[in-house]
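For reference, the structure discussed in these notes is given below.
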Amino acid sequence: MVPNAYRPREIEPKWQEHWARNGVFRTPSDAGRPKYYVLEMLPYPSGVLHMGHVRNYSIGDALARYKRMQGFRVLHPMGWDSFGLPAENAAIKNRRHPREWTRSNIDAMRRQLDAFGFSYDWDCEMSSCEPEYYRWNQWFFLRMWERGLAYSKKASVNWCPACATVLANEQVVGGCCWRHEETPVEQQEREQWFFRTTAYADELLGALDELKAGWPDRVLTMQRNWIGRSTGTEVDFAVEGSDQTIRVFTTRVDTIFGATCLILAPLHPLVAESGFAERGQRMATAAATKSPDDLEKEGFFIGRYAINPYSGERLPIWVGNFVVMTYGTGAIMAVPAHDQRDFEFCRKHRVEIVPVIRPEKGELARADEMAEAFAGYGVLENSGEFSGLASREAIERMSVYAEASGFGDASVTFRLRDWGISRQRYWGTPIPMIRCRSCGVVPVPEEDLPVLLPEDVRLTGTGEAPLRSVQEFVRVDCPQCGGEARRETDTMDTFVDSSWYFYRYADARNDAAPFASDRVADWFPIDQYIGGVEHAVLHLIYCRFFTKVMRDLGLIDWDEPIRRLFTQGMVIRDGRKMSKNLGNVVSPEELVSTYGSDTARMFALFAAPPDRDLDWQDEGVEGMWRFLRRVYRLLDRNAGKAAAASSKALNAADRAVLRKLHQTIARVTADFDTRWHFNTSIASIMELTNEIYSMESLVSDGVMQEALQGLSLLLSPFAPHLSEELWQMLGREGPVLDVRWPVCDPDLAREDSVQIVVQINGKLRDRLRVPKGLPKEQLSARARETERIRTLLAGKTVRKSIEIPDRLVNFVVG
RNA sequence: GCCCGGGUGGCGGAACUGGCAGACGCAACGGACUUAAAAUCCGUUGUCCGCGAGGACGUGUGGGUUCGAGCCCCACCCCGGGCACCA
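Going by the working numbering, the first sequence opens with residue 56, and the numbers climb by one from there.
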């Protein structure tokens, strides 16, 4: 008889079609079962699935299938982050409309995802570039506008000359654009729309504690740093010869008697006012394009003085390239004796250094002997009435004093800034605002939503907003006075789209509201979110912000959208991240056509634990392919055997196979429930397969059936097509997704004897097999009896012996 | 500079609570089957010494705790990532 071969190219499409026809992936609706929401980060529809996607979605699908087999009703949706720059660039290059280009990419990618057999419920699909979705972006914008959470202001913005657009602070990486890492970001003044993320700064920070249980520490730390809360004092310094004051923020007001000058950010208004506008501008640009490491501390004196409100001293006002306008007040007091940066600046520019803090146990430093600043807390000296106080207490008392005297406040400053969402781009959500000559800024009335993105637009790739040239779009009657008015022509940052998309999945076809509250309440919070760590601060802060806004709008009644977050590692090949430029990409489509998707999925999970970077090796794929074929052959030979529920006594091989089966069930189940090390899950399934192979001719038919059924089910989260095929070969009814996950029988899994290691002084000297659970005394006695140990211990005194049941005995001899 | 990860055979990785280091897989080598190849199956494979039984060494480096350390503590080196003149 010629054995049948494993032919994934036949069985995979067959089962995909079967699943689709029978609606197997549709979200179960029976309210009796507990819910589980598994979410993977939605892709940008570039048209091509890459290995990072495959890894991400293989993890998510394994979990979704496992949970479903455990009896949960699982929501497992997928959608498209389909607005964004690449569509516009492609349109310019290929003369195709972004919508057409995007939609055909989505179709292509949906096909690729389906070719992997991922269990998505496509009935929940959303795509952010469709008006059915983006109208709700506009709706949220209007709600925020009403509450003062959306506002416009003229602001100095980050401008990327390569993208020809404004970037959010989060999109600036080391002074350069996140997409064009070689292109320095420029500063420009523009009227921009902002979301007031800072209104929730304290809450976004405080709630991180609640997320500890389910989020990686790394992400929490990154968010904490990003929000960057620091407490301190704001102090006004009067400018000599004017009624102006300069406000500075400091965390160390206790050092203020050691302040020897003020330093302004190059873009501080007073710099321009004092006639140094151009010089300041130049300095700001130079500083923005260099990393802090190789930026010399430059600066200049503007010829004016300010008065220290505590000491009455007269301090020269400088401009410094290391002072940033966007943090605190854009001005600092320099205390060179107690701040290393100030120290370097003042040393270089020959500004006086005045120590005023001495270490708790030590002398006040002498200015001319200092090699570096003393930045620690200590005791105040030469600080007027505050002398003698410890730093901590002084900070408190001096803040109170400032407030009482009316020249300052205790204050809290955040690094987090409001989210600039305006983009001078076509392919995004139109901002639903109108500017009227007589009424000013007027929101588009809700009944006029959506503000549709016009289809006929000339895209040039230059800096102006493309919508500006579409007269039918721009010209509009003012909703208030009916007069001539103009629409806002900027579109929204695409991060707005992805800030709430996962709510839409729960009620994707709602055309009266972004979603119905009861439907999202049924599914939220997301039980498990899976994606790349690169979104730790952008997307994952914005979506938390949106949830808090939605809560305050009364749409939902929870504070955080995501209970558990999992960040998978990158896919690496030849020691570097896979990328087209490096020419080291592996095409998932090719893998599917050579080996089938089950092999690709299994290997993506087997090659490394999912939270670590994965080193891609083609030979490894080959090995996985061999394994699946081996499984198939095993089933092909044995599937026909009778599943007799035999009362016959089990032979030794039967017991061994059943033991391995139930041990494997326990291991795989534990991996799902705790640490997600699917590499070890799969390794243990391989061991089970090896065990069945080696016992193939010895086990009874009933046990063989039982083992093969178990094997098929254990494989199903990882290799669903093969699993479904095997299940059918075994004569069982599918779909496997609706079969209950196997349960470990501890009696069958138990080993009846264990190997014990016998050590002398910690060195391995012998092994012996004893019944499991043998108590210490007997263990020790048995260990002394073996011939090797008897000889080795002869004539020696055992000073001490350590017995660990089921593991080892260690004799300590003198 | 600060904050996270990580460092284990030729390679990817395993060792879950301090208890046999190297599971599982890859690669390599030897063998079986074959006219041959592929596929498959069986076996060997941390290093060194030894004909052998066996022994010594071995988880980035140096120290420590312990009957016992890949795992805990201290100091340091290297790789990856994040943050960064944040006042």
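Glycine included, every Cβ here is placed at the ideal spot set by N, Cα and C.
The segment 673-684 makes contact with the segment 643-663, as at least three CB pairs between them are under 8 Å. If the five residues before and after Val-379 are omitted, its C-beta is found closer than 7 Å to the C-beta atoms of Ala-320, all from its own chain and listed in chain order.
Rounded to the nearest whole angstrom, the CA to CA distance from Gly-431 to Val-409 is 15 Å.
Shortest Cα-Cα distance from His-590 to any of Phe-550, Asn-565, Leu-610 involves Phe-550. With distances taken between CA atoms, Glu-95 lies nearest to Gly-586 out of Gly-586, Glu-780, Gln-764.
Just so you know, the alpha carbons of Gly-537 and Asp-612 end up roughly 39 Å apart. For Gly-765, the enclosing alpha helix (DSSP H) starts and ends at 756-770. Taking C-beta atoms as the reference points, Pro-569 and Pro-616 fail to come closer than 8 Å.
Residue pairing of Gly-354 in beta bridges, as defined by DSSP: Gly-375. With fewer than 16 neighbouring CB atoms inside 10 Å of its own CB, Ser-642 falls in the exposed class. For Gly-586, the enclosing beta strand (DSSP E) has its first and last residue at 583-587. Here the alpha carbon of Gly-78 sits roughly 33 Å from the alpha carbon of Val-758. With 16 or more other CB atoms across the displayed protein chains lying within 10 angstroms of its CB, Ala-420 is buried. In this structure, Arg-839 lies near Leu-848, with their beta-carbon atoms less than 8 Å apart.
Below 8 Å, too few C-beta pairs join the segment 204-212 and the segment 149-161 to call them touching: fewer than three. Between Ser-736 and Gly-172, the C-beta spacing is not below 8 Å. In this structure, Asn-734 lies near Ala-662, with their beta-carbon atoms less than 8 Å apart. Sixteen is the threshold: since fewer than 16 other Cβ atoms of the shown chains lie within 10 Å of the Cβ of Glu-418, the residue is exposed.
Collapsing the DSSP output to three states places Gly-675 in a helix. In this structure Glu-67 is buried. Its beta-carbon is surrounded by 16 or more other beta-carbon atoms within 10 angstroms. By the neighbour-count criterion, in which 16 or more other beta carbons inside 10 Å mark a residue as buried, Leu-637 falls on the exposed side.
Taking the C-beta atoms as reference points, Arg-279 is found nearer than 8 Å to Leu-263. In the three-state DSSP reduction, Tyr-650 falls in the helix class (H, G or I). With respect to the 8 Å criterion, Leu-768 and Pro-487 are not classified as neighbours on the basis of their beta carbons.
Look at Arg-120 here: in three-state DSSP terms it is helix.
DSSP lists Arg-128 as the bridge partner or partners of Lys-90. Taking the C-beta atoms as reference points, Arg-478 is found nearer than 8 Å to Val-221. With fewer than 16 other Cβ atoms from the protein chains shown falling within 10 Å of its own Cβ, Val-467 counts as exposed. Burial is judged here by how many other beta carbons sit within 10 angstroms of a residue's own beta carbon; Gly-475 has at least 16 and is buried. Contact between Phe-429 and His-393 is confirmed by a C-beta separation of about 6 Å, below the 8 Å threshold.
Comparing alpha carbon positions, the residue from Leu-350, Asp-298, His-105 closest to Arg-396 is Leu-350. Contact check for Leu-716 against Leu-743 passes: the beta carbons are separated by less than 8 Å. For Asp-116 and Tyr-255, the gap between their C-alpha atoms comes out near 34 Å. If only complete runs of 4 or more residues are kept, the segment 772-830 shows the alpha helix (DSSP H) at 775-784, 801-804, in order along the chain. By the C-beta criterion, the segment 84-102 is judged to be in contact with the segment 125-133, since at least 3 inter-stretch pairs fall below 8 Å. A direct Cα-Cα distance of roughly 38 Å separates Ala-738 from Ser-554.
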